[in-house]
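In mature numbering (1 follows the signal peptide of the UniProt record, and there is no 0), the protein residues as written are -23 to -1, 1 to 773.
Don't be surprised by glycine CBs; every beta carbon is placed ideally from N, CA and C.
Notes for the one structure printed next.
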């Protein structure tokens, strides 16, 4: 495909038209994601006729709309699409099977252009029909009967039926959202008579949808009803093989998520009698490889134990504690620390003491430490233990005593402490379960409710759910998920991690499968019904995250912020108000306003994945706030906007697989601090951006959200600073009289040389003395062990 063009007005008219066969493409995005669908270039996401005006329409069409029939994905072509030099995107085959289902569809009446929150939805009947209650103009409910009229492997088309008060409405839902057994019953009832050809179409549909169990059951029935048809039994063997490969992929996914015992059970307990020899070998090879990986650590520790035993008695005794620790904690998650020792531990040319030192240095400082001084290794163990004690202590006097002791230890340098910090356990404990605790759907394993004391406005609590086989020495990605104000945090845990299965004794949701920690803060006050854009709400969310990072092993570079409804609005606002904290932001069914309208510059390097129902609200999102979404469709932004076809404000669980694909991208990791900061602030607590902090912002740029509509002139506080040549930091603009500059080598500053800070005509010079207090206090307060700051200076 070479850049397709089409009028947007024509596209919108097709929303209710018959199925038109169009080419599909696998569109590669710059972040590494592949999005499949038909492609059209458009000029804007803003569908508000009044804001467009009556002038001539723009000729530039910088936005690509990728439509897969279920959803429409909007990205900026220059900023997000990664086409090759020839500008050609490869075409891929369209969906093979489209089953038309006869229903008594409304043929006349009023088209629904937008809908509010759905009041209720019934289950599908065995005829593929359901009743959905939508809000009416007078505040009551209007029943709309919907029927399945088209089924594909990707989506099911639902249309309003004749009994729906003369409303015309078409929507799409994911085929995977209907249980396989129920979908099969519906298709059996609506596709009568079930001829051999229709049976084959059903089998092909289920295979294309990767519903292999439904396909197997359909094939068994077809074999029974048409015994004279050739080759059907061979297809049965093929289907069983596909099911086996599906399980193999799941075992591999669990292994990548650090769930080694579960992966081993899946591989060893699966009955391989009926699968192909090649697939059987793949299972065997995967299991052997996993067992080797699990055994590698204990073998390495046994080798080290022998070497320590051969050291002089006094030397060897000093490392018995570390040896015990290694026996308990060595695993596929931690063995990479010992890479130097793995490579050189058996090299007889290297003295024994040096080889043991390589193991000690690797365990304490991480891979590539290259330590060969055993005495220093012994001291580093004390440094590590002191750092852990400092972070664990809540007594200022005790912390000072620990700090004084650390300063006397060899190896207690800021460089070494920066390496130690990501490798230690979280230093605050998780709550203990009561003695009579029993795992159940109400109290599943790995779920904790934690209260955070404070003043009435700031005291809060949160729920955290750990993944299966949680290891405090493995850094896990995390999702902070905000419920709607009228919802409960527990619902966010269920959405991400799934419900607890008593027979399997685990949660089966996507966060559990993929090894994510889920944090659900109680971010609202009692009785709150909407997001209020207050500092209190921001404080509660950030406090819950910091507390969780002190208790749970979280990869600070892979923390995603999400929410549903007004929780999604809160996630959007909090995300772009504090862009230095997040790996990405995922607002679902959000409704942007106030600060969000003005903060788009803060999001230029922040990946954002927005999900909406294309008919959600009093007006459709592209009518109501398309102009805001346009601000994110630039070459500088990393935003994706997903519109679910024909849908209102929902939680869109069927989008969760795409969301996890997006979160797993290497491009969607928080990187080092940028050398240039160019952001805005309009709220008193939005004053810390990466390495630049403003103790207090200009009152003219501090807008009260409750007085927002009464402020005639809303002034943005523009913040601009950069790391320049010659170890110089320049602050060119900021709504403050004073700034705090936080420093570490990741931002491009050499702390072994003098640092110069320029603010307008004022000059501040800073010489780092190597003291370790700042790095320890920064981690204690911000809880970010991945990217701590080593020093700070106030200027001017």
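Query raised in the report: If you scan the segment 454 to 507 from start to end, which runs of the alpha helix (DSSP H) of 4 or more residues do you find wholly inside it?
Result: 466 to 474, 487 to 491
Query raised in the report: Within 10 angstroms of its Cβ, does residue 598 collect 16 or more other Cβ (buried), or is it exposed?
Result: buried
Query raised in the report: What alpha helix (DSSP H) runs, 4 residues minimum, are completely inside the segment 116 to 195?
Result: The segment 116 to 195 is shown to contain whole alpha helix (DSSP H) runs of 4 or more residues at 157 to 167, 173 to 185, in chain order.
Query raised in the report: Around the C-beta of residue 266, are 16 or more other C-beta atoms found within 10 angstroms, so that it is buried, or is it exposed?
Result: The residue in question, residue 266, is exposed, as its Cβ has fewer than 16 Cβ neighbours within 10 Å.
Query raised in the report: Based on Cα-Cα distance, which residue from 124, 555, 232 lies nearest to residue 577?
Result: 555
Query raised in the report: What are the partner residues of residue 701, as DSSP defines its beta bridges?
Result: Bridge partners of residue 701: 705.
Query raised in the report: Taking the DSSP output, what are the residues bridged to residue 655?
Result: 697
Query raised in the report: Would you call residue 113 buried or exposed, if buried means 16 or more other Cβ atoms sit within 10 Å of its Cβ?
Result: Residue 113 is classed as exposed because its beta carbon has fewer than 16 other beta carbons within 10 Å across all chains shown.
**Report entry** Contact check, residue 659 vs residue 716, beta carbons under 8 Å
**Finding:** No; because the gap between Cβ atoms is not below 8 Å, this pair is not in contact.
Query raised in the report: Under a three-way DSSP split, which group does residue 333 fall into?
Result: helix
Query - Status (buried if at least 16 other CB within 10 Å, exposed otherwise) for residue 720 - result: buried
Report task. Inspect the beta-carbon positions of residue 230 and residue 188 and report whether they are closer than 8 Å. Result -> no
Report task. Look up residue 44 in the DSSP assignment and say whether it is helix, strand or coil. Result -> strand
Requested in this report: My understanding is that residue 122 touches residue 140, with C-beta atoms under 8 Å, so please give their C-beta distance in whole angstroms.
Outcome: 5 Å
Query - Counted within 10 angstroms of its Cβ, other Cβ atoms place residue 347 as buried (16 or more) or exposed - result: exposed
Report task. Determine the extent of the alpha helix (DSSP H) in which residue 290 is found, giving its start and end residues. Result -> 290 to 294
Report task. With DSSP as the reference, label residue 534 as helix, strand or coil. Result -> strand
**Report entry** the segment 610 to 626 touching the segment 45 to 55, judged by at least three CB pairs closer than 8 Å
**Finding:** Segments in contact, yes.
Query raised in the report: Buried or exposed: which applies to residue 455, given that a residue is buried once 16 or more other Cβ atoms fall within 10 Å of its Cβ?
Result: Buried, by the Cβ-count rule.
Query raised in the report: Relative to the C-alpha of residue 470, which residue among 419, 730, 509 is closest?
Result: 419
Query raised in the report: Taking the Cβ atom as the reference point for each residue, do residue 18 and residue 41 lie within a distance shorter than 8 Å?
Result: yes
**Report entry** Three-state secondary structure assigned by DSSP to residue 639
**Finding:** helix
**Report entry** Coil, strand or helix - residue 683 by DSSP
**Finding:** In the three-state reduction of the DSSP assignment, residue 683 falls in the helix class.
Query raised in the report: Between the beta-carbon of residue 768 and the beta-carbon of residue 751, is there less than 8 Å?
Result: yes
Requested in this report: Give me the Cβ distance between residue 8 and residue 615, rounded to the nearest whole Å; I'm assuming they're in contact under 8 Å.
Outcome: With a contact defined as Cβ atoms closer than 8 Å, residue 8 and residue 615 qualify at about 7 Å.
Report task. Throw me the rounded Cβ distance for the residue 558 and residue 443 pair, which I believe falls under 8 Å. Result -> At roughly 21 Å, the Cβ-Cβ gap does not stay under 8 Å, so residue 558 and residue 443 are not in contact.
**Report entry** Alpha-carbon spacing of residue 630 relative to residue 2, whole angstroms
**Finding:** If I take the Cα positions, the gap works out to 25 Å.
Query raised in the report: Could one say the Cβ of residue 306 lies closer than 8 Å to chain C's Cβ atoms, at least one of them?
Result: No chain C is present in this structure, which holds just one protein chain.
**Report entry** Residue range of the beta strand (DSSP E) that includes residue 560
**Finding:** That residue, residue 560, is in no beta strand (DSSP E); it is neither H nor E in DSSP.
Report task. Output the boundary residues of the alpha helix (DSSP H) element that contains residue 315. Result -> Here residue 315 belongs to no alpha helix (DSSP H), and DSSP marks it neither H nor E.
Report task. Please list the segments of the beta strand (DSSP E) lying wholly inside the segment 579 to 652, counting only runs of 3 or more residues, in order along the chain. Result -> Within the segment 579 to 652, the complete beta strand (DSSP E) segments of 3 residues or longer fall at 585 to 590, 616 to 621, listed in chain order.
Query raised in the report: What distance in whole Å lies between the Cβ atoms of residue 159 and residue 124, which are believed to be in contact at a cut-off of 8 Å?
Result: Incorrect: roughly 15 Å between the Cβ atoms, too far for contact.
Report task. Could you check which residue in 575, 624, 588 has the C-alpha nearest to that of residue 595? Result -> 624
Report task. With a threshold of 16 other CB atoms inside 10 Å of the CB of residue 747, please say whether the residue is buried or exposed. Result -> That one is exposed.
Report task. Pick helix, strand or coil for residue 428, following the three-state DSSP scheme. Result -> strand
**Report entry** Best match in 371, 448, 404 for proximity to residue 235 [C-alpha to C-alpha]
**Finding:** 448
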